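Trainee: If you read the protein sequences in the order shown, they are chains A and B. By the count of UniProt numbering, the first sequence reaches residue 457 at its end, each step adding exactly one. By the count of UniProt numbering, the second sequence reaches residue 251 at its end, each step adding exactly one.
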Amino acid sequence: MLAETTTENVSVTGWGRTAPSVGRLVRPRTYAEAVTAVRDCGPRGGIPRGLGRAYGDAAQNAGGAVIDLTGLDRIHVIDAADGSVLCDAGVSLHRLMEVLLPLGWFVPVTPGTRYVTVGGAIGADIHGKNHHVSGSFARHVLSFELLTADGTIRTVEQGTDLFDATAGGLGLTGVVLTARIRLQPVGTSLMSVDTERAADLDDLMARLTAGDHRYRYSVAWIDLLARGAATGRAVLTRGEHAPLDALPARARRAPLAFRPSRLPTAPAFLPSGLLTRTTVALFNDLWYRSAPRARTGELQSLSAFFHPLDGVPHWNRVYGRDGFVQYQFVVGHGQEDTLRRIVGRVSARRCPSFLAVLKRFGDADPGWLSFPRPGWTLALDIPAGLPGLGAFLDELDEQVATAGGRVYLAKDSRLRPELLTAMYPRLDDFRALRAELDPRGVFVSDLARRLNFQESP
Amino acid sequence: MKDAFGLPQSLLVLGGTSGIALATARRLIARRTRTVWLAGRPSPALESAAAELRTLGADVHTVPFDALDPESHETVLGKVFTEGDVDTVLLAFGVLGDQANDERDPAAAVRVAQTNYTGAVSAGLVAARALQTQGHGSLVVLSSVAGERARRSNFIYGSSKAGLDAFAQGLGDALHGTGVHVMVVRPGFVRTKMTAGLAEAPLATTPEAVATAVELGLRRRSETVWVPGVLRVVMSALRHAPRGLFRRLPI
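1. Grouping DSSP H, G and I as helix and E and B as strand, with all else coil, what is M1(A)?
2. Please give the ranges of any alpha helix (DSSP H) in the stretch 31 to 60 of chain B, keeping only runs that are unbroken, at least 4 residues long and fully inside the region.
3. If V141(A) sits next to I126(A), beta carbons under 8 angstroms apart, how far is it from one beta carbon to the other, in whole angstroms?
4. Rounded to whole angstroms, what is the Cα-Cα separation between N130(A) and G172(B)?
5. Let me check one thing: in DSSP terms, what residues is Y217(A) bridge-paired to?
6. How far does the beta strand (DSSP E) with E398(A) in it reach, from first residue to last?
7. Hey, is T18(A)'s beta-carbon within less than 8 angstroms of any beta-carbon in chain B?
8. To the nearest angstrom, report how far apart G174(A) and L96(A) are at their CA atoms.
9. Could you spell out the range, first to last residue, of the alpha helix (DSSP H) harbouring K79(B)?
10. Just verifying my parser: in three-state terms, what is the DSSP assignment at F329(A)?
11. For the stretch 72 to 145 of chain B, list the beta strand (DSSP E) runs that are entirely contained and at least 3 residues long, ordered along the chain.
12. Near G123(A), which residues of its chain fall below 6 angstroms by C-beta distance, leaving aside the five closest residues on each side in sequence?
13. Thinking C-alpha only, which one of R406(A), V442(A), L256(A), R431(A) is nearest E98(A)?
14. Which residues, taken in chain order from the stretch 437 to 452 of chain A, show a beta carbon closer than 7 angstroms to some beta carbon of chain B?
15. Whole angstroms are fine: how far does the CA of I382(A) sit from the CA of C351(A)?
16. Does R31(B) come within less than 8 angstroms of chain A when only Cβ atoms are used?
17. What three-state label does DSSP hand E196(A) in the structure shown?
18. Can you give me, in chain order, the residues of the stretch 45 to 59 of chain A that have a beta carbon less than 8 angstroms from any beta carbon in chain B?
19. Nearest to V95(B) by CA position, among A213(B), V233(B), A201(B), A196(B), is which residue?
20. By Cβ distance, which residues of its chain are closer than 6 angstroms to residue 465(A), with the 5 residues on each side in sequence left out?
21. Measure the C-alpha to C-alpha separation of D82(A) and E240(A) and round it to an integer number of angstroms.
22. For N116(B) and L164(B), what's the separation of their Cα atoms in angstroms?
23. Residues of chain B with CB closer than 7 angstroms to the CB of G23(A), please, in chain order.
24. Please check if any C-beta of chain A sits within less than 8 angstroms of the C-beta of G179(B).
25. List, in chain order, every chain A residue whose beta-carbon is nearer than 8 angstroms to that of A174(B).
26. Comparing C-alpha positions only, which one of I153(A), A230(A), R114(A) sits nearest to V35(A)?
27. Answer yes or no: does any C-beta atom of chain A fall closer than 8 angstroms to that of D69(B)?
28. As a quick exercise: from T113(A), M423(A), R114(A), G119(A), pick the residue whose alpha carbon is nearest that of G87(A).
29. Does the CB of F189(B) have a neighbour CB from chain A at under 8 angstroms?
30. Just the C-alpha distance for P457(A) and F430(A), rounded to the nearest angstrom, thanks.
31. Use the C-beta contact count for G353(A): other C-beta atoms within 10 angstroms, 16 or more gives buried, fewer gives exposed.
32. Please name the residue in R44(A), G187(A), Y55(A), P48(A) whose C-alpha comes closest to that of T13(A).
33. Note down, in chain order, all residues in the stretch 312 to 343 of chain A with a beta-carbon under 9 angstroms from any beta-carbon belonging to chain B.
34. Would E395(A) be called buried (16 or more neighbouring beta carbons within 10 Å of its own) or exposed?
35. Given that G390(A) touches chain B, what residues does it touch there, using C-beta distances under 9 angstroms?
36. Pair every Cβ in the stretch 206 to 221 of chain A with every Cβ in the stretch 259 to 278 of chain A, then say whether three or more of these pairs are closer than 8 angstroms.
Written out as C-alpha cells, the structure reads:
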C-alpha cells in the first residue's frame, strides 16, 4: 500500500500550537499524485505543507486539503565539483546536511532548525545567521519546478516574476516540486565561534554594527527580562566554518562528520504555565552569567551552533496546551529608536520570553513577500496564554509599521489584516499574479483567509 | 479565521437583540471582529443594534431569523455561510417567560420551551454542520445556571435551558476532533432587559462580564464557562443538595 496516496482528516496547527483547524491530509508520493492532489482539492482549496515548522497558520487549510510534501524526498543530482544540488521539495535541510557535509558542502542558508523542507524554505524565503552576507534562501535557488493551480508543472528561473512571487509566497502560488540550489563549500563540519557579552542594548547594537562584516554568521540572544541599566543585555555569538588546520589532531581524522546530538523528547502533555516570569527570568539570568565575557575560536558542532533546539524533539510542548506565538519583526537602519522602544516595552511588560534573538540583516532579496530587508530584526517567543498579549502585540505592530518595518508572515498567527499592505507593499502585485495564475483560488491557507489575501486590490 | 488567541474575525449572532450577545459583539469588535451577522426577527430593535455595531467599525448585516420556525433555519443560516467563513456562532436567543402565567397557560409554556430548546436544537445543528464543513469555528451556546438544577420559581425556563445545555454538551462531544469547538456558557443572574424588574439573585452579573468570560473562553478553547466563575462551586453544591433541603432554600 506504500505507493498509494493516503488521505485523512486531521487537526493541524503550526509549530506554535495555536488556532487548530481540520483539513484533509494528502501525502503524494509521486509528481503525478501531487498533480492529482491539486486537481482534486475541492471547494476549499489546498496548501502545501512540509515539516510544520511555520509557527502560525501558514500551512494549514481548514476544511480543505493540506498537501504534505514530505513523501517527495529524493535527492536527484549532486554536483560535487560545482556545488549544487537538485532535489525534491520535501527533502529536509537535515537530510541535505547528512548527505552533503561528507562531500564538503553545506546548505547556503539555514534557520534555527534543520527540520524544514526545501519547499518550505522557498515558501517562507527563510533567512539565517548569515543573512548580512548571504541574503535569504531564494538567492541560492537557481530554479525550481512549480505545480500550479491548473495542474501544469512549470520550470521557474531566478529573475522571473513567478520566482519572486513564490519566494516568500507561503505556498500560495503553487506547489514547489523540485529545486536546484547552489551550495556553500566547507572544509570541516565544525564552527569556530567567538562569544562576547553585551551589557545593554546600545552596547549590543554597537558591537553588531562594528563587527558583523568580519563574520559569516552572527546572532545575539537578548535577555528581555533584564530591566533598568541592563535592559537589552545580550550574549553575542559569531562564527565561521572552521578550517581544517584549526582542528585538533583527533578531529582531523573525520573533519566532515555530521553527528547532531539528541536529547529526550519533551513529553506529550505538559501543563501550561511552566514558563512564568520567574522561571524564565532565572533561566535567562543563568544563561547570561554562564556565557563567557569574551572567548574566541571555540570549536562547536554545526548543530550546537545553528540548531541548539533541534536537540530536544517537540520542544514546542513546553508551552503547554495554550501554545505560544513567535513575534518577529524587522525595522530598517535609522529606525534604532523604534527597536529601543520595543525592547523597552517588552522588558517593562515582563513578557516571559526566553528565546529573544536580535540580528542585523543585509541586503534584501527580490521576493515580493520576502521578510528580510536591511536593518534590525528581533524575534521572540511568548506563551499565548499571557493575558492581554494580543492587544500588546497589536501596539508593537503599529510601531513597526510606522517605522516602515514588517512582521514575518511565516511566523505570524495574529497580525491585524489592515496592516498587511503597509508592511508588504508588493502585496497588490502578488494578488494580481495570483488572480491570473489561480483565478479559482485553489491555493489557500488559514493564513491567507485570516489576512485577506484573496481580496482584490 | 481566528487568530492565535481564538479571536474571531467574523461573528454570527443568533438572537441579534440579546443584551449579552451585543455586549459580546462589542467586545469582539474591539479586538479582531470585522464582520457581524445579526440574526433575529426583523424589528427596529434589530436594526438599531446593527447600526450601533456599525459605529464601532464593523461591517454588520441583519438576517431575518425566527427561532420558532425551524423549517427556515437551513435556508436562512445557509445563506450566511455561503458568503464567507463564520469564525464564531453565538447562540443567544431565548425567552424567560412568565412563570406564574405560563403555569396557568400551557401554550405559553410550550412557546418558551420551543424557543429556548427546539429552536436551539435546529439552529445549533444547522450551524454545527456548516462549521464542520469549514473545518474550524466556535459555537458558543448561552445556557444558564437555571438549567443546572430546576428551581420552583422558574422551572419552565430552567428546564428548557437544561435541555439546551445537555444538547450543547453532547454536540460538543460529537464535534470533538472536527476542528469545531462548542462552548457552553452558564451565566447566573444577568442584569439585562430580560431580567428588568425581577428581584436580583445573589452573585448577579452584567452582560459585559459575560462578554469578558466569552473572550477568555475562546482563547482557552474552554468547553464550559461559568459567569461569575464562583458559580461553578456554588452550583455544584446546590446540585447535590438533598431535595427536601433544596426546596426550602431561599433562592
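Backbone N, C-alpha and C fix where the C-beta goes; we use that ideal spot for every residue, glycine too. Bear in mind the structure is a predicted one, so any value in this text is a computation, not a measurement.
Mentor: Judging by the given coordinates:
1. Residue placement at M1(A) is flagged as unreliable, the pLDDT there being 34, under the threshold of 50; a coordinate-derived value is accordingly withheld.
2. For the stretch 31 to 60 of chain B, the continuous alpha helix (DSSP H) assignments of 4+ residues that do not extend past its boundaries occur at 44 to 55, in sequence order.
3. In fact, because the Cβ distance is near 11 angstroms, the residues do not count as touching under 8 angstroms.
4. Spanning the alpha carbons of N130(A) and G172(B) requires a straight line of approximately 49 angstroms.
5. G239(A).
6. Run containing E398(A): none in the beta strand (DSSP E); it sits in the alpha helix (DSSP H), 389 to 402.
7. It does; some Cβ of chain B falls within 8 angstroms.
8. As the crow flies, the alpha-carbon of G174(A) is around 23 angstroms from that of L96(A).
9. It spans 73 to 82 - the alpha helix (DSSP H) in which K79(B) sits, taken as one unbroken run.
10. DSSP places F329(A) in strand when its eight states are reduced to three.
11. Fully contained in the stretch 72 to 145 of chain B are the following beta strand (DSSP E) runs of length 3 or more, in chain order: 88 to 91, 137 to 142.
12. For G123(A), where only same-chain residues beyond five positions count, the Cβ hits under 6 angstroms are L170, G171.
13. With distances taken between Cα atoms, E98(A) lies closest to L256(A).
14. Under the 7 angstroms Cβ criterion, the stretch 437 to 452 of chain A contributes D446, R449, R450.
15. Spanning the two alpha carbons is a distance of roughly 7 angstroms.
16. At least one CB of chain A lies nearer than 8 angstroms to the CB of R31(B).
17. In the three-state reduction of the DSSP assignment, E196(A) falls in the strand class.
18. From the stretch 45 to 59 of chain A, only G56, D57 have a Cβ closer than 8 angstroms to chain B.
19. Closest option to V95(B), Cα to Cα, is A196(B).
20. Residue 465(A) falls outside the range modelled here, since chain A spans only 1 to 457, and no answer is possible.
21. Those two C-alpha atoms are separated by around 21 angstroms.
22. If you take the alpha carbons of N116(B) and L164(B), they lie about 7 angstroms apart.
23. Within chain B, the residues near G23(A) are G135.
24. Residue contact with chain A for G179(B): present (Cβ-Cβ distance below 8 angstroms to some residue of chain A).
25. By Cβ distance, chain A contributes nothing, its closest Cβ being about 14 angstroms from A174(B), past 8 angstroms.
26. Nearest option by C-alpha distance: I153(A).
27. Answer no: the Cβ-Cβ gap between D69(B) and chain A never drops below 8 angstroms.
28. Before going on, a small fix: residue 87(A) reads as Cys here, not Gly. That would be G119(A), whose Cα lies nearest to the Cα of C87(A).
29. Cβ-Cβ to chain A under 8 angstroms: no for F189(B).
30. Per-residue confidence for P457(A) stands at a pLDDT of 42, beneath the threshold of 50, marking its modelled position as unreliable; the derived number appears in the next sentence. One C-alpha to the other measures close to 10 angstroms.
31. For the sequence presented, residue 353(A) should be read as Ser rather than Gly. That one is buried.
32. Answer by Cα proximity: Y55(A).
33. So the close ones are R321, D322, G323, F324, V325.
34. That one is exposed.
35. By Cβ distance, chain B contributes D3, A4, F5, L7, R31, R32, R219.
36. They do not touch, by the three-pair rule.
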